[in-house]
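Novice:
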Amino acid sequence: MEVLHVQILFCFLSTFVLLLLRPAFAIDALFNEPEQYLMAPHSLGQYGFELATNCSINYKKKYSSNTIPIHEGYSGVRGCQLSLDHNGTLGLFPAGEFEKRKFQPKPTRAGYYVLAGAKGHTMVHGPAIFCTPKELCRSDLPHATRPVAARWLRGDGDSGLGGAVVSGPATFEPGVVMSYGNYTLLLEEDCNLRIVDVTTGNARWSTRTVLPAYGAVSCEMVMSPQGELILQAGLKDGRIQRLYGTGVIAGKHGDPGHVYALRYDGRLMIYPPKPWSIWGAAELWQVHDFLISAPPSLRRRTVTCEYHYAYGDGSNVDGVLSSETLTFATTSGSSVTVKNFAFGCNSRSTGLFSNRTGERRRQPPGAP
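Residue numbers for the sequence shown, in mature numbering (1 follows the signal peptide of the UniProt record, and there is no 0): -26 to -1, 1 to 342.
(1) For the beta strand (DSSP E) containing Ile214, name the first residue and the last one.
(2) Could you tell me the distance, in whole angstroms, from the CA atom of Gln206 to the CA atom of Asn156?
(3) Do you know offhand how far Ile244's Cα is from Val139's?
(4) Please name the residue, chosen from Thr63, Met97 and Tyr86, that lies closest to Asp2 on a Cα-to-Cα basis.
(5) For Tyr188, count neighbouring Cβ atoms within 10 angstroms of its own Cβ and tell me buried if that reaches 16, exposed if not.
(6) With DSSP as the reference, label Ser39 as helix, strand or coil.
(7) Do you know offhand how far Gly22's Cα is from Pro186's?
(8) Does the distance from the CB of Asn6 to the CB of His60 come in under 8 Å?
(9) Quick check on Cys111: does DSSP put it in helix, strand or coil?
(10) Tell me where the beta strand (DSSP E) around Tyr87 begins and ends.
(11) Am I right that Lys80 and Gly65 are in contact with their C-beta atoms under 8 Å? What's the rounded C-beta distance?
(12) Whose C-beta lies closer than 6 Å to the C-beta of Leu159 among residues of the same chain, with five residues either side of it excluded?
(13) Which same chain residues, not among the five before or five after Glu147, have their C-beta less than 7 Å away from its C-beta?
(14) Please check the pair Tyr86 and Pro101, which I expect to be a contact at CB under 8 Å, by giving their CB distance rounded to whole angstroms.
(15) In whole angstroms, what is the alpha-carbon distance linking Thr181 and Ser49?
(16) My understanding is that Leu209 touches Ala190, with C-beta atoms under 8 Å, so please give their C-beta distance in whole angstroms.
(17) Nearest CA to the CA of Ala144: which residue from Pro199, Tyr154, Gln10 and Asn32?
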């Protein structure tokens, strides 16, 4: 009888501990498939993407105390939703209106997209280059080219949506890579990568890989700079043996970073950075500063510097810095002194024109 009581107590404690270890829900990503709506007022993940009830959007880079206005919002609006469509474009849906107002970025080919953080910045990534099962990432399939259902993200308690994200490049040793909801991406000691449903213990997907029988001393998962997920074994003689690879890459080494997402539906997807992001910080694109006040020896440019300047009244202007002329007009005709003025492809430039604050947001080289 005492043995039975001990066994019952052990089973109860084991179940209790497993429940405590189940991952908490958090909305770190907004997916386009099925179409999801971020309800205002709400923030997306830890990267400071804040949607207000008047459809204004503020953004704060990770580890920064400065809040940056991205969208001014609409006068008189008292409710707002934001979604991401099958072409990777965000849409704002003010309360009381029946059609979305297209936001940024510009549309690209149909597929799976996500709004998520990478390297401290929130951007649109996609279309996905890999997913589980692999066949479902084909862009010619109906569910990859148009939304099939609408769901709403109201808060962290909505356990049906969202996902956990990791940005590459990165390297992981055996253990839990990331968890979301009922699902965990687990790299086992034998170098088998699995997506496990923690409620049942069953694997939804697996690479079915094992370490070599002789000579293997380590296992690691590598998220490459171009978005390939690789499993490899370290051998005693110092060689590296590749065990598995997703086989698909996108972009180049200087890109902001791919997003690896464990979604609400237990699927793993890899998203490259979208060619034209919502807002791009220049340091992500490795662009050299170009300062007007710099001496001639420092004014050499290595890439085309495109910019987008948004004003407080809702107007905006696009241009190429190297071919633009900056002028100042005054009503009195007197000269204007500007101290410490810099306008270029550094992280950000701001200014005050006609009593309206503008913010320059640089576009990546080659953006449309």
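By construction, the Cβ of each residue, glycine as well, lies at the ideal position given by its N, Cα and C atoms. Nothing here was measured: the structure is a model prediction, and the numbers come from that model.
Specialist: Result, derived from the coordinates:
(1) Ile214 to Gly219
(2) Spanning the two alpha carbons is a distance of roughly 27 Å.
(3) 10 Å
(4) Met97
(5) Tyr188 should be labelled exposed.
(6) coil
(7) 44 Å
(8) yes
(9) helix
(10) Tyr87 -> no beta strand (DSSP E), and no H or E assigned at all.
(11) Not quite, the Cβ-Cβ distance comes to about 13 Å (not below 8 Å), so this is no contact.
(12) Val151, Met152, Ile169 and Leu236
(13) Glu194
(14) 6 Å
(15) Using only the alpha carbons, I get a separation of about 52 Å.
(16) About 6 Å separates the beta carbon of Leu209 from that of Ala190, a gap short enough to meet the 8 Å contact definition.
(17) Minimum Cα distance to Ala144 is reached at Pro199.
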